[in-house]
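Take the sequence shown: its letters are residues 177 to 259, numbered as in this note's numbering.
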Amino acid sequence: MATRKKKVVKLTSSVVTPFDNGKIKMGIYYEKPKYVEEDRDMLNLQTYLIGDPVKLRRNYYITRALELFGAFILLIILLQGNP
């Protein structure tokens, strides 16, 4: 009968196993969290590109309110007329 060989995973020397008691190797596949930029300009750009519904909805209503206000002012100016 042929015997199966166990697959051995070799670690590089830069990987440090936090806990190793001979049987269990905890933290062997740990990866550091990736750096996340938290700049306001970058977050606004991502919001528009990805489409965050909360911010887009707020911007929609603000735009509509400003358009309505502008139309109201224009209507007042047109209806005043010359005395």
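Where a beta carbon is used, it is the ideal one built from N, C-alpha and C, also for glycine.
Here the structure is a predicted model, which is why all the values come from computation and not from measurement.
Backbone CA spacing between residue i and residue j [nearest angstrom]
{"i": "Ala-241", "j": "Glu-214", "result": "30 angstroms"}
{"i": "Asp-196", "j": "Lys-210", "result": "25 angstroms"}
{"i": "Val-212", "j": "Leu-250", "result": "46 angstroms"}
{"i": "Leu-208", "j": "Ile-238", "result": "Residue 208 is actually Lys in this sequence, not Leu. Straight-line Cα distance between these residues: approximately 41 angstroms."}
{"i": "Leu-254", "j": "Met-218", "result": "43 angstroms"}
DSSP-derived helix/strand/coil call for residue i
{"i": "Asp-217", "result": "helix"}
{"i": "Lys-208", "result": "coil"}
{"i": "Lys-231", "result": "helix"}
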